[in-house]
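Q: The sequence shown begins at 5 in my numbering and counts up by one. C-beta: ideal position from N, C-alpha, C; glycine also. Right, I'll just put the structure down here and ask away after.
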Amino acid sequence: MSNEAFELLFDDSRRERFAALADVRSPMHIADLSDPALSAELDDAEVLITSWGAPRFDAALLQRLPRLRAVFHAAGSVRHHVSEEFWDRGILITTAAEANAVPVAEFTLAAVIFAGKRVLPGLCAPDPDGTGWGGQLQRRSIGNLDRTVGVVGYSRIGRRVVDLLRSLEGVRVLVADPFADAEAVAAAGARLVPLDELLPQADVLSLHAPDLPSTFRMIAAEQLAKLPDGATVINTARGAILDHDALLAECRTGRLDAILDVTDPEPLPAESGLRGLPNVAITPHLAGSLGTETRRLTDAALDELQAYVTGEPPRDPVRAVDLVRSA
5 MSNEAFELLF DDSRRERFAA LADVRSPMHI ADLSDPALSA ELDDAEVLIT
55 SWGAPRFDAA LLQRLPRLRA VFHAAGSVRH HVSEEFWDRG ILITTAAEAN
105 AVPVAEFTLA AVIFAGKRVL PGLCAPDPDG TGWGGQLQRR SIGNLDRTVG
155 VVGYSRIGRR VVDLLRSLEG VRVLVADPFA DAEAVAAAGA RLVPLDELLP
205 QADVLSLHAP DLPSTFRMIA AEQLAKLPDG ATVINTARGA ILDHDALLAE
255 CRTGRLDAIL DVTDPEPLPA ESGLRGLPNV AITPHLAGSL GTETRRLTDA
305 ALDELQAYVT GEPPRDPVRA VDLVRSA
């Protein structure tokens, strides 16, 4: 992992736990596995803990890691780190995506609440003409009671969002996901419906689908047009799943609001029309694990290491087939 990631993820107590679980060679942290001076260390390495800044484990790198048996990834997606040669070797890889889902779901809950309370216009233009707030506060569309939230993607994060939405009284939750199980969704307090059925009912549309070729621009002009007037689009997933030109057209008229923690491209160009609109909030990809929250990722990776050492099954392994429909 990068130097910055190591300093963020591994405080003193977690370095001590790491050293207690395994024979940790010196240096404990390596930022660049391609360094020729590391040949002896890599020859002996059985397990690696990785995170942001980790390389792709291609054939050339794997030749330098003849004893590698497991990679415990202290971050989310492993897609860009694995290769065919990696899978052919039968190396175990796990993810801390479940831990990373926690702050994203919390951010989404806050965004849903803010959407219902019409916070964006209040923040961006609280008193545009100096006459007070009376007109805004009397809008009948304000409130989170009797609202419908549409969750697109019953992913790790989507499931957590559905669970957190239970705390909002009078909120109905619909889920659209072709791979989700209707009974599991119902048990979580929501209802599984096709996307076309969800859209016209969604006062808030929250996106949690993975970035795959099949999901590219899955929410475009046709889908946005089906949302009711005054709906809010929340994207904490990946920018590529949302057509920003179509969103701009809707938000510019004031028909829809948007809260975007991810965009395409990222960051948006300074000239983007979405910037500066009073009904669009753009945050700098901060919903995921940051600061103290990143320690959950470390703990998840160290839990995997402990399970490996004690012969227990991995908690969150990733298989090649999983990447067909996950990030």
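1. With T3 as the anchor, note down where its alpha helix (DSSP H) starts and where it stops.
2. Going by C-alpha distance, which of L272, T314 and S159 is nearest A244?
3. When we look at the beta-carbon of M5 and count the other beta-carbons within 10 Å, is it buried (16 or more) or exposed?
4. In whole angstroms, what separates the C-alpha of V166 from that of A229?
5. Is the Cβ-Cβ distance between R242 and D215 less than 8 Å?
6. Just the Cα atoms here: how many angstroms apart are T112 and V208?
7. Expressed to the nearest angstrom, what Euclidean distance is found between the alpha-carbon atoms of S210 and I97?
8. Spatial neighbours of L168 within its chain, please: CB distance less than 8 Å, with the 5 preceding and 5 following residues excluded, ordered by chain position.
9. For my contact list, G66 and R29 are in at a C-beta cut-off of 8 Å; report their separation, rounded to the angstrom.
10. Here's a check: name, in chain order, each residue in its chain whose Cβ is nearer than 6 Å to the Cβ of R71, leaving out the five neighbours to either side.
11. Would you call the region 245-258 and the region 273-286 in contact, with 3 or more CB pairs under 8 Å?
12. Assign D247 to one of three DSSP states: helix, strand, or coil.
13. Have a look at G80 and A105 and give me their C-alpha separation to the nearest angstrom.
14. With a Cβ-Cβ cutoff of 8 Å, do V82 and I95 count as a contact?
A: Reading from the atomic positions:
1. Examination of residue 3 is not possible in this model, given that the chain is present from 5 through 331 alone.
2. For the purposes of this step, residue 244 is taken as the residue at position 240 of the sequence shown. Here the closest residue by C-alpha is L272.
3. Translated into positions along the sequence shown, residue 5 becomes position 1. It is buried - the Cβ of M5 has at least 16 other Cβ atoms within 10 Å.
4. Locating residue 166 in the sequence shown gives position 162, where the first residue counts as 1. Locating residue 229 in the sequence shown gives position 225, where the first residue counts as 1. Roughly 24 Å between the two C-alpha positions.
5. For this step, residue 242 is matched to residue 238 along the sequence shown. For this step, residue 215 is matched to residue 211 along the sequence shown. Yes. Within cutoff.
6. Here residue 112 corresponds to residue number 108 of the sequence shown, with the count starting at 1. Here residue 208 corresponds to residue number 204 of the sequence shown, with the count starting at 1. If you take the alpha carbons of T112 and V208, they lie about 11 Å apart.
7. Mapped onto the sequence shown, residue 210 falls at position 206. Mapped onto the sequence shown, residue 97 falls at position 93. Approximately 30 Å between the Cα atoms of the pair.
8. On the sequence shown, residue 168 is found 164 positions in, with the first residue counted as 1. Contacts found: A109, E110, T112 and L113.
9. Within the sequence shown, numbered from 1, the residue matching residue 66 stands at position 62. Within the sequence shown, numbered from 1, the residue matching residue 29 stands at position 25. A small fix is needed here, since residue 66 is Leu in this sequence, not Gly. Contact doesn't hold; Cβ gap of about 18 Å is too wide.
10. On the sequence shown, residue 71 is found 67 positions in, with the first residue counted as 1. Hits under 6 Å: E50.
11. yes
12. Residue numbering aside, residue 247 sits at position 243 when the sequence shown is read from its first letter. The answer is coil: DSSP assigns D247 none of H, G, I, E or B.
13. Here the question's residue 80 lines up with position 76 in the sequence shown. Here the question's residue 105 lines up with position 101 in the sequence shown. Computed Cα separation, rounded: 9 Å.
14. Your numbering for residue 82 matches position 78 in the sequence shown. Your numbering for residue 95 matches position 91 in the sequence shown. Cβ atoms of V82 and I95: not closer than 8 Å.
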